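Structure first, commentary second.
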Amino acid sequence: MSLRRRLVTVVGSFGILTLAVVLWAPTVGSTPISLARAFDAALPWADNVDAQIFFVARLPRVLAGALIGATLAAAGVVLQALLRNPLATPFTLGVSAGAALGAMLAIAWRLDVGALGVSSVPIASFLGSLAAILIVYWLASSQRRGLSTNVLLLAGVTLNSFFSALILFVQYLADFAESFRTVRWLMGDLDVGSYGPLLAATPFIITAFAVFATLPRALNLLTMGDDVAASRGVDVVRAQQWAFVSASLATGAAVSLGGPVGFIGIVVPHLVRLMVGADHRVVLPAATLFGAAFLVLCDLLARTVMAPVEVPVGIITALIGGPFFLWLLVRQS
Amino acid sequence: MLRADDVSFRYHADTPLVVDGVTLEVARGDLVGILGPNGSGKTTLLRLLSGTRAPTSGTVRLVAEPLHGLSRRDIARRLAVVPQEVELAFEYTALEIVLMGRHPHLGLFQVEGPGDYAIAREALAATGTAHLESREFHTLSGGEKQRVVIAAALAQAPDVLLLDEPTASLDLGYQLDIAALLSTLNRDRGVTMAISTHDLHLAASICRTLVLMRGGRVLAHGPADTVLTPAHVRALYDVEADVHVHPDTGHLTVVPVRRVRA
Numbered sequence: 000m001s002l003r004r005r006l007v008t009v010v011g012s013f014g015i016l017t018l019a020v021v022l023w024a025p026t027v028g029s030t031p032i033s034l035a036r037a038f039d040a041a042l043p044w045a046d047n048v049d050a051q052i053f054f055v056a057r058l059p060r061v062l063a064g065a066l067i068g069a070t071l072a073a074a075g076v077v078l079q080a081l082l083r084n085p086l087a088t089p090f091t092l093g094v095s096a097g098a099a100l101g102a103m104l105a106i107a108w109r110l111d112v113g114a115l116g117v118s119s120v121p122i123a124s125f126l127g128s129l130a131a132i133l134i135v136y137w138l139a140s141s142q143r144r145g146l147s148t149n150v151l152l153l154a155g156v157t158l159n160s161f162f163s164a165l166i167l168f169v170q171y172l173a174d175f176a177e178s179f180r181t182v183r184w185l186m187g188d189l190d191v192g193s194y195g196p197l198l199a200a201t202p203f204i205i206t207a208f209a210v211f212a213t214l215p216r217a218l219n220l221l222t223m224g225d226d227v228a229a230s231r232g233v234d235v236v237r238a239q240q241w242a243f244v245s246a247s248l249a250t251g252a253a254v255s256l257g258g259p260v261g262f263i264g265i266v267v268p269h270l271v272r273l274m275v276g277a278d279h280r281v282v283l284p285a286a287t288l289f290g291a292a293f294l295v296l297c298d299l300l301a302r303t304v305m306a307p308v309e310v311p312v313g314i315i316t317a318l319i320g321g322p323f324f325l326w327l328l329v330r331q332s
Numbered sequence: 000m001l002r003a004d005d006v007s008f009r010y011h012a013d014t015p016l017v018v019d020g021v022t023l024e025v026a027r028g029d030l031v032g033i034l035g036p037n038g039s040g041k042t043t044l045l046r047l048l049s050g051t052r053a054p055t056s057g058t059v060r061l062v063a064e065p066l067h068g069l070s071r072r073d074i075a076r077r078l079a080v081v082p083q084e085v086e087l088a089f090e091y092t093a094l095e096i097v098l099m100g101r102h103p104h105l106g107l108f109q110v111e112g113p114g115d116y117a118i119a120r121e122a123l124a125a126t127g128t129a130h131l132e133s134r135e136f137h138t139l140s141g142g143e144k145q146r147v148v149i150a151a152a153l154a155q156a157p158d159v160l161l162l163d164e165p166t167a168s169l170d171l172g173y174q175l176d177i178a179a180l181l182s183t184l185n186r187d188r189g190v191t192m193a194i195s196t197h198d199l200h201l202a203a204s205i206c207r208t209l210v211l212m213r214g215g216r217v218l219a220h221g222p223a224d225t226v227l228t229p230a231h232v233r234a235l236y237d238v239e240a241d242v243h244v245h246p247d248t249g250h251l252t253v254v255p256v257r258r259v260r261a
């Protein structure tokens, strides 16, 4: 089958799945609502309780899930190709640890300087992720022209544990209530409350996806090694820089929005590759759409499985993702 | 076609030259073998010739244009490389690998068209791997992998093909297969090639021109049957060898006799 037809089939089927999930998920909850009533334009807004619940109470959270799931899955695909390592995740290079440290500090210092409808915690967390990106980039490019993927990995892993230690230190010094908030943040929470945070994160994520769109053929070739990619006509240094910066930026924005929701960035790319093969021109859009549907469904489970108590979504993704990851490891060896 | 003028290279400012003042020419239609012991700078020289490394001094020219003035894409449309070994991080089929050779001929968002598929399938056929097109690369044998990688390089439609030790990890049967394939590609399709190799049999049987390298310098350069002498083999490897013309094939045959210490 030609690539164009494969793309149409894959994007069409995953697109329908994602759209269906995004429309269905807000109808489920403590008060069941009807999709038909919610979209009934004949009813005035003030009288349409279903529409109010759908659009005000539940849709922001569902869209946050879709946006974060799509971003982490796509960033996972890009970073796995860049590092030539199928076990890499968007959090491997320290971006999420930087974001977490930023969030911890904002919570512990009770920073309250929100801007543009976004509170201080996501802003601090995004700044933390930017700091981590700059540090890792600087380390990996100091040795030679271009990025050393080995140094990238080592620097990322080291930064992760260094930041984790700082996070524990901040938590140790914080009082009981703050400490609980920090722990809760680390478990991931898609309840963004309104459309404001979504709108703030979207420009960064759209920019990153615009860069992703130019990368797939280069990513295919990068998985064969730098020299092969270069001899096939890829500007390796530039492709690596764009891939690292765009994937990290998108990850930073997604993590500031919903916390470090684990395993999406590794489970979804692998599942998608099993279904559609390894060509990044197909994997990238498929993982984007499937990641969105996957996280929305996980969050649906999170808020219904023990209702009225809500399970943090990071626990659900880890409970599903952890065993799956181990199965992949066993299967690969 | 491809020319190096007094080219030198070191990996770091404080390390010795790996390639030291090499001048050589790969003429159109020629099949050049680059021979030398381990660490003689063969692989580095190929990297300089393919432009994946820039020389510390000297110039490499493709036709008349200096490589450093061309983009990676411009170079890749005219020059292809077959690395010693390809390791994939993900599972691609043989056809997908060969189609990737079309990369420098496609625009940023362009998708391979029927013409590109035809070129890729023709390259698979030319390397005797047409029946493997939908097999996953990692399930192929060493010889099959090497032929698929050569097909990917051919799909690039290059004027010059550079091969880094194409027979190094293959058994005797596959070594002869690859030698025959390269010879056919050179003779029937007019592909200009430069091959770095340890394989004296390959060099003697298919190469028209030989470049002998030791310590980053060119020891001798010329037609295969005049360059491949016992004296040169000794100077190259510190090995005493007999060089005969094989009665059946008419090629030179090198028989190592004993190690001598310089």
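Chains A and B, in that order, give the protein sequences. Quick note on numbering: numbering that gives the first Met the number 0 labels position 54 of the first sequence as 53, and the sequence is numbered without any gaps. Quick note on numbering: numbering that gives the first Met the number 0 labels position 176 of the second sequence as 175, and the sequence is numbered without any gaps. Glycine residues also receive a C-beta, built at the ideal position from the N, C-alpha and C atoms. Predicted model only: the values in this text are computed from it and were never measured.
Got a sec: is the Cβ-Cβ distance from residue i to anything in chain B below 8 Å?
i, result
"ASN84/A", "yes"
"SER193/A", "no"
"GLY91/A", "Reading off the sequence, residue 91/A comes out as Thr, not Gly. So no, THR91/A is outside the interface."
"LEU325/A", "no"
"ASP188/A", "no"
"ARG216/A", "yes"
"ASP49/A", "no"
"ASP226/A", "yes"
Can you list the residues of chain B that residue i reaches, using a CB-CB cut of under 7 Å?
i, result
"VAL277/A", "Here the sequence assigns Ala to residue 277/A, which means Val is not the residue at that position. PHE89, GLU90, TYR91, listed in chain order."
"ALA229/A", "THR51, ARG71"
"MET223/A", "VAL85, LEU87"
For a cutoff of 8 Å on Cβ pairs, would you count residue i as touching chain A?
i, result
"HIS137/B", "no"
"GLN155/B", "yes"
"PRO82/B", "yes"
"ALA129/B", "no"
"ALA193/B", "no"
Which chain A residues sit within Cβ distance under 7 Å of residue i?
i, result
"GLU111/B", "LEU2"
"THR228/B", "By Cβ distance, chain A contributes nothing, its closest Cβ being about 34 Å from THR228/B, past 7 Å."
"GLU95/B", "ASP278"
For a contact meaning CB atoms closer than 9 Å, what does residue i contact in chain A?
i, result
"HIS67/B", "Within chain A, no residue comes near HIS67/B; the closest Cβ sits about 14 Å away, beyond 9 Å."
"GLY40/B", "None at all; the shortest Cβ gap to chain A is about 16 Å."
"ALA79/B", "SER230, ARG231"
"GLU143/B", "Chain A residues near GLU143/B: none, gap ~16 Å exceeds 9 Å."
"ALA75/B", "ALA229, SER230, ARG231, GLY232, VAL233"
Can you tell me where the beta strand (DSSP E) holding residue i begins and where it ends?
i, result
"HIS8/B", "Before going further, note that residue 8/B is Phe rather than His in the sequence given. PHE8/B -> beta strand (DSSP E) spans 1-8."
"ILE338/B", "Nothing about residue 338/B can be reported from this structure: the residues present for chain B run from 0 to 261 only."
"THR252/B", "251-258"
"GLU90/B", "Premise fails: GLU90/B is in no beta strand (DSSP E) and is neither H nor E."
"HIS243/B", "238-244"
"GLU177/A", "That residue, GLU177/A, is in no beta strand (DSSP E); its alpha helix (DSSP H) goes 175-185."
By the criterion of Cβ-Cβ separation under 9 Å, what are the contact partners of residue i in chain B?
i, result
"LEU220/A", "MET99, HIS102"
Between which two residues does the alpha helix (DSSP H) harbouring residue i extend?
i, result
"ARG60/B", "Premise fails: ARG60/B lies in the beta strand (DSSP E), 56-61, not in any alpha helix (DSSP H)."
"THR43/B", "41-49"
"GLY290/A", "279-303"
Kindly list, in the order they appear in chain A, the residues whose Cβ is closer than 8 Å to that of residue i.
i, result
"LEU107/B", "THR213"
For residue i, which residues in the same chain have their Cβ closer than 8 Å to its Cβ, ignoring the five residues on either side in sequence?
i, result
"VAL27/A", "LEU299, THR303"
Just to make sure I have the definition right: I need the residues of chain C whose C-beta is within less than 9 Å of the C-beta of residue i. Which are they?
i, result
"ARG272/A", "As a matter of chain content, chain C is missing from the structure shown, whose protein chains are A and B."
Leaving out the 5 sequence neighbours to the left and right, which residues in its chain are closer than 7 Å to residue i when beta-carbon positions are compared?
i, result
"THR222/A", "ALA80, ARG83"
"VAL135/A", "LEU92, GLY93, LEU151, ALA154, GLY155, LEU158"
"ILE32/A", "THR26, ASP49, ILE52, PHE53"
"GLY189/B", "GLY28"
"LEU131/B", "ALA93, LEU139, GLU143, VAL147"
"SER7/B", "LEU16, VAL18, ASP19, GLY20, PRO54, THR55, SER56, GLY57"
"ASP176/B", "GLY142"
Below 6 Å CB to CB, which residues in the same chain sit around residue i once its five sequence neighbours on both sides are set aside?
i, result
"GLU266/B", "The question about residue 266/B has no answer, for chain B in this structure spans 0 to 261."
"TRP184/A", "ALA102, GLY258"
"ALA207/A", "SER245, LEU248, ALA249"
"PRO284/A", "VAL10"
"TYR173/B", "GLY142"
Next item on the list: Write down every uninterrupted run of the alpha helix (DSSP H) in the region 193-223 of chain B whose length is 4 residues or greater and which is fully enclosed by it, in chain order.
Entry: 199-205
Item checked: Sequence ranges, alpha helix (DSSP H) only - wholly within the region 230-269 of chain A, length at least 4 -> Counting whole runs of 4 or more residues, the region 230-269 of chain A contains the alpha helix (DSSP H) stretches 235-257.
Notebook entry, point to check: Taking only runs of the beta strand (DSSP E) that begin and end inside the region 111-148 of chain B, which ones reach a length of at least 3 residues, in chain order?
Noted result: none
Checklist line | 4-residue-minimum alpha helix (DSSP H) runs that sit fully inside the region 48-116 of chain A, ordered along the chain | finding: 48-51, 58-81, 94-107
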